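**Student:**
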Amino acid sequence: MVGAYARGVENDYLPRTAAFFDLDKTVIAKSSTLTFGRSFYQGGLMNRRAVLRTAYAQFVFLAGRADHDQMERMRQYLSALCKGWNVAQVKEIVAEALHDLIDPIIYDEAASLIEDHHAAGRDVVIVSTSGAEVVEPIGALLGADRVVATRMAIGDDGCFTGEVEYYAYGPTKAEAVRALAASEGYELARCYAYSDSATDVPMLASVGHPFAVNPDRALRREAASRGWPVLVFDRPVRLRQRLPALSLPGRPGVVAAVALAAAAVTAGLVWYASNRRRALA
Numbered sequence: 021m022v023g024a025y026a027r028g029v030e031n032d033y034l035p036r037t038a039a040f041f042d043l044d045k046t047v048i049a050k051s052s053t054l055t056f057g058r059s060f061y062q063g064g065l066m067n068r069r070a071v072l073r074t075a076y077a078q079f080v081f082l083a084g085r086a087d088h089d090q091m092e093r094m095r096q097y098l099s100a101l102c103k104g105w106n107v108a109q110v111k112e113i114v115a116e117a118l119h120d121l122i123d124p125i126i127y128d129e130a131a132s133l134i135e136d137h138h139a140a141g142r143d144v145v146i147v148s149t150s151g152a153e154v155v156e157p158i159g160a161l162l163g164a165d166r167v168v169a170t171r172m173a174i175g176d177d178g179c180f181t182g183e184v185e186y187y188a189y190g191p192t193k194a195e196a197v198r199a200l201a202a203s204e205g206y207e208l209a210r211c212y213a214y215s216d217s218a219t220d221v222p223m224l225a226s227v228g229h230p231f232a233v234n235p236d237r238a239l240r241r242e243a244a245s246r247g248w249p250v251l252v253f254d255r256p257v258r259l260r261q262r263l264p265a266l267s268l269p270g271r272p273g274v275v276a277a278v279a280l281a282a283a284a285v286t287a288g289l290v291w292y293a294s295n296r297r298r299a300l301a
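Residue numbers (our numbering): 21 to 301.
Listed below in structure tokens is the structure:
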């Protein structure tokens, strides 16, 4: 990691620590749930009108004009929309479209932070308001250790009932962070948190190292008043275009294994070239 993003991360191993990341507009450049709208339409889960409405919601979200009331209306709309959807089909659609839709919109800066926190011995936790069926595969793609996400109630028929079982939003995110700290032994004063939204101020305030990423106006004002660093992420990049560390579990042992394998390949090529030159001499 280079530049301003490298200075905020220090090596520490004991006691246990973690880095908590909001997902939408913090790690990825769009709303994770709304990004799958066309795929859900192609899978027969949505009609054309719903796709257009979802596209408009994505626009409002990206423009930073979604306030608390709009987010609440969006939640109610999405809850009603997914009522009756077969959960297995949703997971299948997400798995099939994951790399095409999410891989290209991951911020390079966020990917670097995830790598560096793992290298420093910290767990990486994605804390997102989006549904678990979407967030969990994205967390796996990013190499996250844990995921906290909204959970929709599922009926005996394997379909969403339209009820929200757990809503990961606002103060609820902070509660989840504190609960994880208690269960996993994280020392929150030494933990990190990243978000773009003022609704996540409780989560940011619960750790010792909060960062505002691409902040909305309200969070920018809050960060200025509290002295929180502000980061700008603006380089979406495919994971495959980066070094291979993030596409593998982000642990020093794995990175070392990759380095050793690369060294072995290089040594083999040198040996082959040397012997070939001698044979041709």
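For every residue, glycine included, the Cβ atom is placed at its ideal position computed from N, Cα and C.
Note that this is a predicted model, so its numbers are computed, not measured.
1) Taking all protein chains shown into account, do 16 or more other C-beta atoms lie within 10 angstroms of the C-beta of residue 116, making it buried, or fewer, making it exposed?
2) Candidates 192, 106, 138: which alpha carbon is nearest residue 181's?
3) Note the first and the last residue of the continuous beta strand (DSSP E) segment covering residue 167.
4) I think residue 47 touches residue 162, with their Cβ atoms under 8 Å apart; what is that distance to the nearest whole Å?
5) Given this structure, state the Cα-to-Cα distance separating residue 218 from residue 233, to the nearest angstrom.
6) Quick check for students: name the residue ranges of the beta strand (DSSP E) that lie wholly in the stretch 174-238, counting only runs of 3 or more.
7) Given this structure, state the Cα-to-Cα distance separating residue 243 from residue 142, to the nearest angstrom.
8) Provide the residue(s) that pair with residue 144 in DSSP beta bridges, ordered along the chain.
9) Quick one, are the C-beta atoms of residue 42 and residue 216 less than 8 Å apart?
10) Rounded to the nearest angstrom, how far is the Cβ of residue 157 from that of residue 200, given a contact under 8 Å?
11) Between the stretch 189-203 and the stretch 163-175, can you find at least three pairs of beta-carbon atoms closer than 8 Å?
12) Can you tell me whether DSSP reads residue 254 as helix, strand or coil?
13) Could you pull the start and end residues of the alpha helix (DSSP H) that residue 61 belongs to?
14) CB-CB under 7 Å to residue 179, same chain, minus the five flanking residues each way: which ones, in chain order?
15) Report yes or no: do the stretch 245-255 and the stretch 221-237 share at least 3 C-beta pairs separated by less than 8 Å?
16) Give me, in chain order, the residues of the same chain whose beta-carbon lies closer than 6 Å to that of residue 258; leave out the 5 immediate sequence neighbours on both sides.
17) Short check: CB of residue 154 to CB of residue 60, under 8 Å?
18) Determine the contact status of residue 170 and residue 196, defining contact as a CB-CB distance below 8 Å.
19) Find out if the Cβ-Cβ distance for the pair residue 138, residue 145 is shorter than 8 Å.
20) Pull up the distance between the alpha-carbon of residue 148 and that of residue 185, whole angstroms please.
21) Since I believe residue 206 is in contact with residue 37 (beta carbons under 8 Å), could you give me their beta-carbon distance rounded to a whole number of angstroms?
22) Looking only at its own chain, which residues have a Cβ that is under 7 Å from the Cβ of residue 45, when we skip the five neighbours before and after it?
23) Who pairs with residue 44 in a beta bridge, going by DSSP?
24) Alpha carbon to alpha carbon, how far is residue 227 from residue 64? Give it in angstroms, no decimals.
25) Would residue 135 be called buried (16 or more neighbouring beta carbons within 10 Å of its own) or exposed?
26) Give me whichever residues DSSP pairs with residue 151 in a beta bridge.
**Tutor:** This is what the structure gives:
1) exposed
2) 106
3) 166-174
4) 7 Å
5) 11 Å
6) Within the stretch 174-238, the complete beta strand (DSSP E) runs of at least 3 residues are 180-186, 212-215, 229-233.
7) Residue 243 and residue 142 have their alpha carbons spaced roughly 24 Å apart.
8) 39
9) yes
10) Not quite, the Cβ-Cβ distance comes to about 20 Å (not below 8 Å), so this is no contact.
11) yes
12) Looking at residue 254 - three-state DSSP - the assignment turns out to be coil, as it is neither helix nor strand.
13) From DSSP, the alpha helix (DSSP H) with residue 61 extends over 57-62.
14) Closer than 7 Å at Cβ, skipping near neighbours: 104, 105, 106, 107.
15) yes
16) A distance below 6 Å between beta-carbons, with the five flanking residues on each side excluded, links residue 258 to the following residues of its chain, in chain order: 123, 124.
17) no
18) no
19) no
20) Each residue's alpha carbon lies about 15 Å from the other.
21) 6 Å
22) Around residue 45, the same chain offers 216, 234 as residues with beta carbons nearer than 7 Å, after the five sequence neighbours per side are excluded.
23) Per DSSP, 48.
24) 42 Å
25) buried
26) 170
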